[in-house]
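Scroll down for the structure; my scribbles are underneath it.
Protein chains: 2
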Amino acid sequence: MTERIREFLRNRREDGPCVVVDLDVVRDNYHAFAHSLPDTRVFYAVKANPAPEILNLLAELGSSFDCASVAEIEMVLATGAGADRISFGNTIKKERDIARAFELGVRLFAVDCEAEVEKIARSAPGSRVFCRILCDGAGADWPLSRKFGCAPEMAPRVLELAHRLGLAAYGISFHVGSQQGNVDAWDSALGSAAAIFHDMAERGIQLSMVNMGGGFPAKYLKEMPGVPAYGEAIFRSLTRHFGNRLPETIIEPGRGMVGNAGLIEAEVVLISRKSDDDEVRWVYLDIGKFNGLAETMDEAIRYPILTDKDSDRKTPCVLAGPTCDSVDVLYEKTPYELPVSLAIGDKVLIEACGAYTTTYSSVAFNGFSPLASYVI
Amino acid sequence: MTERIREFLRNRREDGPCVVVDLDVVRDNYHAFAHSLPDTRVFYAVKANPAPEILNLLAELGSSFDCASVAEIEMVLATGAGADRISFGNTIKKERDIARAFELGVRLFAVDCEAEVEKIARSAPGSRVFCRILCDGAGADWPLSRKFGCAPEMAPRVLELAHRLGLAAYGISFHVGSQQGNVDAWDSALGSAAAIFHDMAERGIQLSMVNMGGGFPAKYLKEMPGVPAYGEAIFRSLTRHFGNRLPETIIEPGRGMVGNAGLIEAEVVLISRKSDDDEVRWVYLDIGKFNGLAETMDEAIRYPILTDKDSDRKTPCVLAGPTCDSVDVLYEKTPYELPVSLAIGDKVLIEACGAYTTTYSSVAFNGFSPLASYVI
Numbered sequence: 001m002t003e004r005i006r007e008f009l010r011n012r013r014e015d016g017p018c019v020v021v022d023l024d025v026v027r028d029n030y031h032a033f034a035h036s037l038p039d040t041r042v043f044y045a046v047k048a049n050p051a052p053e054i055l056n057l058l059a060e061l062g063s064s065f066d067c068a069s070v071a072e073i074e075m076v077l078a079t080g081a082g083a084d085r086i087s088f089g090n091t092i093k094k095e096r097d098i099a100r101a102f103e104l105g106v107r108l109f110a111v112d113c114e115a116e117v118e119k120i121a122r123s124a125p126g127s128r129v130f131c132r133i134l135c136d137g138a139g140a141d142w143p144l145s146r147k148f149g150c151a152p153e154m155a156p157r158v159l160e161l162a163h164r165l166g167l168a169a170y171g172i173s174f175h176v177g178s179q180q181g182n183v184d185a186w187d188s189a190l191g192s193a194a195a196i197f198h199d200m201a202e203r204g205i206q207l208s209m210v211n212m213g214g215g216f217p218a219k220y221l222k223e224m225p226g227v228p229a230y231g232e233a234i235f236r237s238l239t240r241h242f243g244n245r246l247p248e249t250i251i252e253p254g255r256g257m258v259g260n261a262g263l264i265e266a267e268v269v270l271i272s273r274k275s276d277d278d279e280v281r282w283v284y285l286d287i288g289k290f291n292g293l294a295e296t297m298d299e300a301i302r303y304p305i306l307t308d309k310d311s312d313r314k315t316p317c318v319l320a321g322p323t324c325d326s327v328d329v330l331y332e333k334t335p336y337e338l339p340v341s342l343a344i345g346d347k348v349l350i351e352a353c354g355a356y357t358t359t360y361s362s363v364a365f366n367g368f369s370p371l372a373s374y375v376i
Numbered sequence: 001m002t003e004r005i006r007e008f009l010r011n012r013r014e015d016g017p018c019v020v021v022d023l024d025v026v027r028d029n030y031h032a033f034a035h036s037l038p039d040t041r042v043f044y045a046v047k048a049n050p051a052p053e054i055l056n057l058l059a060e061l062g063s064s065f066d067c068a069s070v071a072e073i074e075m076v077l078a079t080g081a082g083a084d085r086i087s088f089g090n091t092i093k094k095e096r097d098i099a100r101a102f103e104l105g106v107r108l109f110a111v112d113c114e115a116e117v118e119k120i121a122r123s124a125p126g127s128r129v130f131c132r133i134l135c136d137g138a139g140a141d142w143p144l145s146r147k148f149g150c151a152p153e154m155a156p157r158v159l160e161l162a163h164r165l166g167l168a169a170y171g172i173s174f175h176v177g178s179q180q181g182n183v184d185a186w187d188s189a190l191g192s193a194a195a196i197f198h199d200m201a202e203r204g205i206q207l208s209m210v211n212m213g214g215g216f217p218a219k220y221l222k223e224m225p226g227v228p229a230y231g232e233a234i235f236r237s238l239t240r241h242f243g244n245r246l247p248e249t250i251i252e253p254g255r256g257m258v259g260n261a262g263l264i265e266a267e268v269v270l271i272s273r274k275s276d277d278d279e280v281r282w283v284y285l286d287i288g289k290f291n292g293l294a295e296t297m298d299e300a301i302r303y304p305i306l307t308d309k310d311s312d313r314k315t316p317c318v319l320a321g322p323t324c325d326s327v328d329v330l331y332e333k334t335p336y337e338l339p340v341s342l343a344i345g346d347k348v349l350i351e352a353c354g355a356y357t358t359t360y361s362s363v364a365f366n367g368f369s370p371l372a373s374y375v376i
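These protein sequence lines map, in sequence, to chains A and B.
Residue numbers 1 to 376, in the UniProt record's numbering, belong to the letters of the first sequence in order.
Residue numbers 1 to 376, in the UniProt record's numbering, belong to the letters of the second sequence in order.
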């Protein structure tokens, strides 16, 4: 909660829940990444929050951008940043979207299989491709599935095909899992990357780049290491595995760049008990899984929540959203402690909501509007 | 897949996934409910699919409407249907939304606790309220949480308070769980409702109505009983518990009304394997959890999928969506059998997608558009 956000909310007249993002915090975060990993290029993961004001600021600061779709590429280009600052980082692309990105000037593409390489060779000839490898994601609060990446032993064949088809076999990428609390989580993947560099060199192909992905955490309720600790650990691992021939490196912070810059203001709609002997209150907010808080899925992300009554005694509550959908429950397995004096109509402030809230909103589920967003 | 939908898709020129809803099927479903439960009023659950064409048709056929929000109430009124055909069925309502609904003419409201009764007494004086009770949801493919409803033994106090505050204590509601495969699932809740009717009568208050909710299934991969079987079982239970003094009854089909009326056409974006010895292919579509198929969450709803190559041999596939989000995987725990000849660029048809697809779409997650929708 920054003073600028507090001031903004004091003056806001519109009704309904909203997220407010403070650009000063985004700026600080960008500098923290740039300083902690001075030889690494920052590619902001646009999907975390594509608000134009955020993209404009980051473009101005010199950031590059990791895009998941043609629409995101167009949003980045609208800032005036050149296409040379864009990576089309989605490993799953329609061939006509690859062609469109190429037409827009994009020359850096992610792949994780031979079929994707073939599409790029046909529709974005001569481009650079990096191959994403699987990574176990241990230590992450939002561990990734096997959806992206191939087994490391498959990567050389994928990259060799790229080379054979006239593309630049450019490097390796991986992702250690979102909201990664272990600063050493990058080590084993960097080891795999170095082995692939070695293997490719033996085939006569020099890889150049390691894309170390995202995973940098926002601070929710649990304490997390700061960006400098990640920078140091990653640099140690890079030198351990690559010696004094360090590759070009990229990181793709999304949550780590904007997560702590945003705050959601919501309202208590109802407080009730399910039966007379129920010790847990049900607290219903005007925001839930379908209009901003999708990342409470499986209670993975546990947001800090502030009220005006936090000095009062607290008791456990189930926290739920406003829709008629029974899965629209935020915290139930581990109830949330809220003040006994909390009342219907009270405002609550949900911290660290700058990432993965606005675009995750449903268009109109149950007739509720998507989350209103202000960037200040 | 109806002939009308087939014809529509043959002529469609736009790119990207879409859902097509055939109004003839909705009409048939409405008649099936109306005929199978002739003395029960049908309140269509607008949240299942609020497309204006669907609301217009149902209004014309004489349906009433279960609304989750003021926006849904306004959509129903836009059809020309009177407010006397609307139930504000969400138990979680802001008091200013109750006031707005009252202003629009709505006089029927759901409650499940005393605090909600107090809001309605203040902002919708004299209205009818029904109290939702908890129900175990056994037998449902999408069982409901404890989010809505109170313990049956609390209901008389809630309704007595309504009566004391000048509201009409009108009845009881419950929901047996969405996609309910057991036609007898209504029996025990109807027993609870009858007991509450009896208890209230002893307090000198005559309840009038039982709202038997939704839960009527769409046919996905698993066979389900037809509407007549539900009608017969429900009628048996009603007479068992209420004898010859049957209450006024309501049902709220949503999925059962529109689920099988809609079909999604999607495209195969990529097919790959994660490693050389992987027997399971990964098939990525241009539709996933965030642009229409949210109900694949926990693989709860298993949609039938058709391809042009279904006569070929089939092998297990993990099915995933197009976003860079690792949870955007549709079927993995139980892989989906798809033809070995399936290729990138092929169209697939996903059946029974008329309910809970369009409005569940995210506004723009990863830059992907919400699901395009056509009602024919």
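We put the beta carbon where it would ideally sit given N, CA and C, even for glycine.
Look at Arg146(B): its C-beta is under 7 Å from a C-beta on chain A.
Counting along the chain, no alpha helix (DSSP H) covers Asp39(B), and no H or E run does either. Annotated as distal: Thr40(B) and Ala59(B), with beta-carbon spacing of 7 Å or more.
With 16 or more other Cβ atoms inside 10 Å of its own Cβ, Ser87(A) counts as buried. DSSP lists no beta-bridge partner residue for Trp186(B). Distances from the alpha-carbon of Tyr30(B) to those of Ser362(B), Gly288(B), Leu77(B), Arg255(B) put Arg255(B) closest.
In this structure Cys67(A) touches Val46(A) by the C-beta definition: roughly 5 Å separates them, less than 8 Å.
About 6 Å separates the CB atoms of Phe174(B) and Arg132(B); that is less than 8 Å, so the two are in contact. With a beta-carbon spacing of about 5 Å, Asn291(A) and Leu371(A) fall inside the 8 Å limit used to define contacts. The DSSP-derived three-state label of Ile287(B) is coil. The beta-bridge partner set that DSSP reports for Glu332(A) is empty.
Under the criterion of beta carbons closer than 8 Å, Thr359(A) and Val363(B) qualify as touching, at roughly 6 Å. At a cut-off of 7 Å between C-beta atoms, Leu58(A) does not count as an interface residue with respect to chain B. Between Ala320(A) and Tyr284(A), the CB-CB gap stays under 7 Å. Taking 7 Å as the threshold, the shortest C-beta distance from Met154(A) to chain B falls below it.
At a cut-off of 7 Å between beta-carbon atoms, Leu55(A) makes no contact with chain B. DSSP places Ser87(A) in the strand class (E or B) of the three-state scheme. Against chain A, the CB of Gly292(B) has no partner CB under 7 Å away; the residue lies outside that interface. Secondary structure note for Asn11(B): its alpha helix (DSSP H) is the uninterrupted segment 3 to 11.
In this structure, Ala185(B) keeps its C-beta atom at 7 Å or more from the C-beta atom of Val26(B).
The DSSP-derived three-state label of Ile120(B) is helix. Nearest CB-CB separation between Tyr360(A) and chain B: below the 7 Å threshold. Within a 10 Å sphere around the beta-carbon of Val340(A) sit fewer than 16 other beta-carbons, which makes this residue exposed. Residue-level contact check: Ser341(B) does not touch chain A, since none of the beta carbons of chain A fall below 7 Å from its beta carbon.
Here the alpha carbon of Glu265(B) sits roughly 6 Å from the alpha carbon of Pro17(B). Taking a C-beta cut-off of 9 Å against chain A, the contacting residues of the segment 324 to 339 of chain B are Cys324, Asp325, Ser326, Val327, Asp328, Val329, Glu332, listed in chain order.
Around the beta carbon of Thr239(B), fewer than 16 other beta carbons sit within 10 angstroms, so the residue counts as exposed. Between Glu72(A) and chain B, the shortest Cβ-Cβ separation is below 7 Å. Counting only Cβ-Cβ distances below 8 Å, Glu279(B) has no contacts in chain A at all, with the closest Cβ about 14 Å away. Rounded to whole angstroms, the gap between the alpha carbons of Thr2(B) and Ala352(B) is 11 Å.
With a cutoff of 7 Å on beta-carbon distance, Val329(B) and Ser145(A) are scored as near each other. A Cβ of chain B is located within less than 7 Å of the beta carbon of Ala364(A).
Taking all protein chains in view, the Cβ of Gln206(A) is surrounded by fewer than 16 other Cβ atoms within 10 Å, so the residue is classified as exposed. Listed in chain order, the non-local C-beta contacts of Pro156(B) below 8 Å within the same chain comprise Ile196, Asp199, Met200, Arg203, local neighbours out to five positions each way being set aside. Here Leu306(B) has Leu349 as same chain residues with Cβ atoms under 6 Å from its own Cβ, once five neighbours each way along the sequence are excluded. Within 7 Å of the CB of Cys150(B), the CB atoms of chain A belong to Lys274, Ser275, in sequence order along the chain.
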